[in-house]
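Position in the sequence shown (from 1) plus 7 gives the number in the working numbering.
Note that the Cβ used here is the ideal one computed from N, Cα and C, for glycine as well.
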Amino acid sequence: MSPMNRREAIRESLLDEAQGADCLMVKPAGAYLDILRDIRERSDLPLGAYQVSGEYAMIKFAAQAGANR
């Protein structure tokens, strides 16, 4: 799936739902919050947001540096 093609991501998630998915997952989540919102607006399935290791490290280092204060 092309990371630049928003419509493809939404179409794929709806196809997964139609094929019987129990939940939908977006990975990596940090860069695709707009896609998470779009999927939530179109589906009632549980929606997961997966942080890949680089995103997780960035969040942890930012917190240690006081970015969350």
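Would you mind reading off the limits of the alpha helix (DSSP H) that contains residue i?
i, result
"M32", "Here M32 belongs to no alpha helix (DSSP H); instead the beta strand (DSSP E) covers L31 to V33."
"G61", "S60 to Q71"
Within 10 angstroms of its Cβ, does residue i collect 16 or more other Cβ (buried), or is it exposed?
i, result
"S9", "exposed"
"S20", "buried"
"G22", "Before going on, a small fix: residue 22 reads as Leu here, not Gly. Flag for L22 reads exposed."
"A74", "exposed"
"A70", "exposed"
From the options, pick the residue whose C-alpha is nearest to that of residue i; which is it?
i, options, result
"C30", "A70, L54 and R76", "L54"
"E24", "F68, I42, L52 and D41", "L52"
"Y57", "E48, Y39 and S50", "Y39"
"L43", "A16, F68 and G27", "A16"
"I46", "M11, R18 and Q26", "R18"
Original post:
Do the segment 16–35 and the segment 48–62 make contact, defined as three or more Cβ pairs closer than 8 Å?
Top reply: Yes, the segment 16–35 touches the segment 48–62.
**OP:** Ignoring anything shorter than 4 residues or poking outside the segment 22–56, list the alpha helix (DSSP H) runs there in chain order.
**Re:** 40–49
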